[in-house]
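Worksheet: one structure, shown below.
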Amino acid sequence: MAEYVLILVSTVLVNNIVLARFLGLCPFMGVSRKLETALGMGLATTFVLTLSAVSSELVNTYLLDPLGLGYLRTIAFILVIAAIVQFTEMVVHKTSPVLYNLLGIYLPLITTNCAVLGVALLNVQEQHGFLKSALYGFGAAVGFSLVLVLFAAIRERLAAADVPVPFRGNAIALITAGLMSLAFMGFAGLVRA
Amino acid sequence: MYAPGEKLWHFHGGIRLDGQRELSTGRPLGAVPLSAEFVVPVQQHIGQAGDVLVREGQHVHRGQQLTQVREYIGAPVHAPTSGKVIAIENRPVPHPSGLEGLCVVIEADGRDDWGDARLEPLEDYRALSPGRIRRRVRKCGIVGLGGAAFPTAAKINPLHEQRIHTLVLNGAECEPYITCDDTLLRHHAAEVVEGARILMHTLGGPERCLIAVEEDMPEAYEALREVLGGTSSGSFRLVSIPSIYPTGSEKQLIQVLTGREVPADGLPADIGVVCQNVATARAVYRAVVHGEPLIERIVTVTGRGVSEPGNHLVRIGTPVHEVIAHAGGYVEPVQWLLMGGPMMGVALHDDAVPVVKATNCLLAARRGELRAAGPVLPCIRCGECVRVCPARLLPHELYRLARAAEFDRAQEYDLFDCIECGCCAYVCPSHLPLVHYYRYAKSEIRDLERERQAADRARRRHEFRLERLEREKRERAERLAKKKAAVSHKADPERKKAAVQAAVQRAQARKAARGDTAPTED
Amino acid sequence: MIAVLAAIAALGGLALAFGALLGYASRRFKVEGNPLADQIEHLLPQTQCGQCGFAGCRPYAEAIARGEADINLCPPGGEAVIKALADLLGVEPKPLDESKAAPAEKRVAVIDENTCIGCTLCIQACPVDAILGAAKQMHTVIASECTGCELCIPPCPVECIRMVPVPRGIEDWKWPAPWGPQAPQTAAPPSRAEAA
C-alpha cells in the first residue's frame, strides 16, 4: 500500500515529469496561454497517458516479451499511443468542439509527447507490474496536469502585467518555467529512496 | 436578543476620514435669492426622462409640471419659480462627460407665484391607500436626495413577496464636507419624522423605523430626540452609529443596523428593508401634506475655495455660479469645483451648470486643500485595498482585469457590486486611480452589451429579410406555375375540339333562331 | 525466419486490432455540422457590410471555422471582435488588416428627401431592411436600425444618400481609459461663468 502512495507522490511532486525529468515540454509551452485550454489538455493527456501506460504494459508482457520482440518495443508503443490519441481526438471532437478547436494541433501532437512514450518505456525499465504501471502513468499525468495548470495561471497574469519589452512573450514564460523547476526541486528528498 | 437599534454590527473595511463639518455648519441656514434664469434639465434621475409638456413662450407657475413620464422608473420635473419658458434646448448639465442635456429654460417673472400648481393637501394620509400616496410622490417628482436620485415612488413599492419589516432613515452623512442632511435635521426634524410616518404607512406598516445619524452629528441627534421625545418612540428608534466612511451607503448602513447583508444582485427590499434619505422623507412630507412638488433642496456650499461656506436652500435649476456668489464667491486659486464630496463627487467643467435634484454639495477646493494625486506606480499587491473595501471585493484583481480588458472575468469578480466609494484608491500606496478603472470597465461592459443587442437585432432583421426574399420568390414561382397550368389546360387538343364543336353548334343555333333562309355555301 | 514472421505478425496484428477499434470509434463519434461557425457568428457585429470580402457575417463566420479566413478582417467589429475571436479559437489576437479602413465613429445613412425619386433600388440593397418606402413613394432610412454598412449608396441613381456621424450623447457616453492621453488626470479648474 505504502509503495503505491509513494509512486503517486514521487511522480506528481518529486520526480515531476515536466519540471524534474523535462519531458513533455512542447504542450507545456504551447497550450498554457489560457487556463481552460490547459485544464482540457491536462485531462486529455491524463486519459491518454493512463490508457497508454496500461496498454503498453499489456502489449509488452503478453506479445513482445513472449515472442522475444523486445527490439520492436519503441515502434509497437508508438503504434499503441497513436491509436489511443486518435481515439481521444474523436471523443473530444464529439463531446466538446470548443475544446477541440482550442487545442488545435496539440491534441494529435500528444502522440509525439515524449512524456507518454517515456512513461511507457520507464515502466518496462523499472519492471513495474500491471497495477504499478497504471499508477505510474496516472501519477505522471496528474503531475503534468498540475504543472500545466499552474503555469497557465501564471502566464495569464503575465499577459496583463507590465513586462519589460525584451522579456515579453516566450522569454518571460521560459524564465517562469525555470523558476518553477527550481521551486519543485524543493521536493527532492521528500521520498526516501 | 437585542431590540432593534440597540446592537450595532460592523461592515467590512471602511476608513476613518476627517469630516470637515465645522467648515460649513458655523453659519445659519441661508437661502439663495431667485435667479433671473433657471435651467431645469429634464433628466435629473435614474430612469426615463419624460416628454416635455410645455412650449416655448408658455407661462408657467411655480411648481408647474414640466415633463410627463410614462415609464415606471422615472420622475417628472417641475418649474422652480413662475415665469416664461424661453427655450427648450440642450444646455450644459452636471455630468462627468461635460456634455449637454435637454433643459427647460425659464425666465423668472419675479412674482414666484404658485398659481394652481400646488396639489391638494392630503393631511389625513392614514385614510388613503398606499397606491394613492405613491401616485402623489411620483407626481411631485420625488427622487432619492442622498445623491443617487432614484425615483422614490418605485422604491416604496415593494413586490408582493417582499414583506418589509424595517424602514431605515439614512441621516448618516459619511462623506467629508457634506452637511446638508445635518442642517436639515437641525432645522426640520419634525417634518422628517412626519415624512417617515407617511413612508411607514405607504410600506404597509413595517415593524420598526430606524433613524440613523453619525456620532459626529450631536446637534442633529438632539433635534431628533426632542421631536421623538426620547431615543425611541413607538416603532421609531434613533440610533447613533460610528463615523466610518462609507457607512452612509445604503447596503453598508443596513448591515450596521441589522447585521444582514443585502445579497449581491439584490435589493434591500429582498431582505425586508427599505432605506430612504432624511431629505427624501421630508420631501415626501411636503408633497403629501402640503402638495408641494420637489423644486428646492438644501445644498452645502463648502471648501476653502469659497469665502463663506455654509448651507443654503436652493431652487432646482439655479446656476452653480450664483450659488457660489451667494456664498461669498471664490477664494482663489480654486483647483476643483466638485458636485458632491471629495470621495465620490463629480468634477464640474464649468460653473454655468444648474443645481439639480442630486446636488447635495458644491465643494470648491483650493489648491492644496485636497490630497494631490501622486505619481502612479505599479501595483505591489500589498492588499491594503482588500482590507478597506466595504463591498468585500478584490480591488487589485479588478484593476488587473480592467487593465487587461478581461471584462467577463471582471464580472465574475463582482465588478458591478462596487459602489465606487473610493476607499481603495484612498489607501493605495502606489496612488493608482482605482475607481477610474472600475468606471471604465463598467461603461465598456455596458457599451459592449448595447452593441451586442444591436448586432442581434441586425442579425434577426437580416435573417427575416432573407426569408422574405425566399417567400417572395416562392410566391412568384407558384403564381407562374398556376398561370402556366391554366394556359396549357386551355391548349389541350381534346378540349380544343370540344370547344370548337360547341362554338359551331352555338352558331348554327343562332342561325336557326334567326330563321335563316340565306343559302349556305357548299 | 520464424522470428521475422513472428515480428511482422505481431505488429500487423496490433495494427489490425487498433485499426478496427478506430474504425468503429470514427463511426460512433461522428460529428455533424459545424457548431463552431455558429459561435463565431454570434461574436460578429452583424452589419452585413461585406468589408471582410465575404457576402455577409454568416459566410465570414463559416470561412473562419473552416480555417480559410483570418480573424482580423472585420472593420466594424474592430479590436473587440478580433480579441473575442482570438479567445474563442485559442490564437493570438492581431491588429486589423491594413487593407481595411477602420471607421472612427458610428455613421448612419440619410436620404435627401428633395432628391429622392422613389426607385426602391436602395431598399433592395439594404441587408437589414432599414429603409422604409415603396415605388414612387418617399424613401427614409430608419436611423435606429441602420448599421452603417454603406451598401445603399452605390445603387442610388441620383446620389441622394450620404453618411452622417452619430456622436455619443449623454446616454451612451463612456468613461475614457484611465491611461493614455485622455485619462482623467488632474482636470483643469472649472471655467467660470461671466459675472451676472
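Chains as they are written, first to last, in the numbering used here: chain A, -4 to 188; chain B, 4 to 525; chain C, 28 to 223.
Glycine included, every Cβ here is placed at the ideal spot set by N, Cα and C.
Predicted, not measured: the structure shown is a model, and the values here were computed from it.
Between the C-alpha atoms of B/G104 and A/I167 there is a straight-line separation of about 50 Å. Using a 10 angstroms sphere on the CB of A/P61, the tally of other CB atoms stays under 16, which defines it as exposed. Of the candidates B/Q279, B/E217, B/V323 and B/I76, B/Q279 places its Cα closest to the Cα of B/G147. Contact annotation, B/H465 with C/P154: C-beta distance approximately 5 Å; criterion of less than 8 Å satisfied. The Cβ atoms of C/G77 and C/R134 lie no closer than 7 Å to each other. The secondary-structure analysis by DSSP pairs B/T169 across a beta bridge with B/R211 and B/V276. Residues of the stretch 58 to 89 of chain B with a C-beta atom less than 9 Å from some C-beta of chain C do not occur. Note that the stretch 118 to 129 of chain A does not touch the stretch 25 to 40 of chain A; fewer than 3 beta-carbon pairs, one per stretch, sit closer than 8 Å. The beta carbon of C/L32 does not come within 7 Å of any beta carbon belonging to chain A, so the residue lies off that interface. Residues E59 and V108 of the same chain have their beta carbon placed closer than 7 Å to that of B/A90, with the five preceding and five following residues left out of the count.
Counting along the chain, the unbroken beta strand (DSSP E) around B/N314 starts and ends at G313 to R318. Contact check for A/A136 against A/L38 fails: the beta carbons are separated by 7 Å or more. Note that the stretch 122 to 138 of chain B does not touch the stretch 257 to 272 of chain B; fewer than 3 beta-carbon pairs, one per stretch, sit closer than 8 Å.
For B/R94, the enclosing beta strand (DSSP E) covers residues G86 to P95. Ranking B/L435, B/C426 and B/G331 by CA distance to the CA of B/P381 puts B/L435 first. Nearest neighbour of B/A355 by Cα position, chosen from B/I327, B/D112, B/G331 and B/G386, turns out to be B/I327. Considered as a whole, the stretch 364 to 392 of chain B harbours 364 to 369 as its complete beta strand (DSSP E) runs of no fewer than 3 residues, in chain order. Out of C/C149, C/E132 and C/E172, the CA that lies nearest to the CA of C/P181 is found in C/C149. B/G77 sits in a strand when the DSSP states are folded into three classes.
Taking C-beta atoms as the reference points, B/V291 and B/Y128 count as a pair closer than 7 Å. As the crow flies, the alpha-carbon of C/A162 is around 20 Å from that of B/L469.
Residues of chain B whose Cβ lies closer than 8 Å to the Cβ of A/A148 do not exist, since the nearest Cβ in that chain is about 12 Å away.
Contact annotation for C/L48 against chain A: A78 and F82 [CB-CB distance below 9 Å, chain order]. Counting along the chain, the unbroken beta strand (DSSP E) around C/R134 starts and ends at R134 to I138. A buried status is given to B/Y402, since no fewer than 16 other beta-carbon atoms sit within 10 Å of its beta-carbon.
C84 and A107: these are the residues of the stretch 84 to 109 of chain C whose beta carbon lies less than 8 Å from some beta carbon of chain B, given in chain order.
The Cβ-Cβ distance between B/G308 and B/V337 falls below 7 Å. The contact set of C/G196 on chain B, defined by CB atoms closer than 8 Å, consists of L102 in chain order. As computed with DSSP, B/Q68 is found in a beta bridge with B/H81. Closest option to B/S446, judged by alpha-carbon separation, among B/A111, B/G294 and B/A413: B/A413. A contact between stretches requires three or more CB pairs, one per stretch, nearer than 8 Å, and the stretch 386 to 395 of chain B fails this requirement with the stretch 172 to 185 of chain B. Here DSSP, grouped into helix, strand and coil, assigns B/R19 to coil. B/G86 is positioned such that its CB atom lies closer than 7 Å to that of B/E110. Rounded to the nearest whole angstrom, the CA to CA distance from B/P322 to B/P97 is 10 Å.
The Cβ of C/F81 sits no closer than 7 Å to any Cβ of chain A. B/R263 and B/W12 have their C-alpha atoms spaced approximately 9 Å apart.
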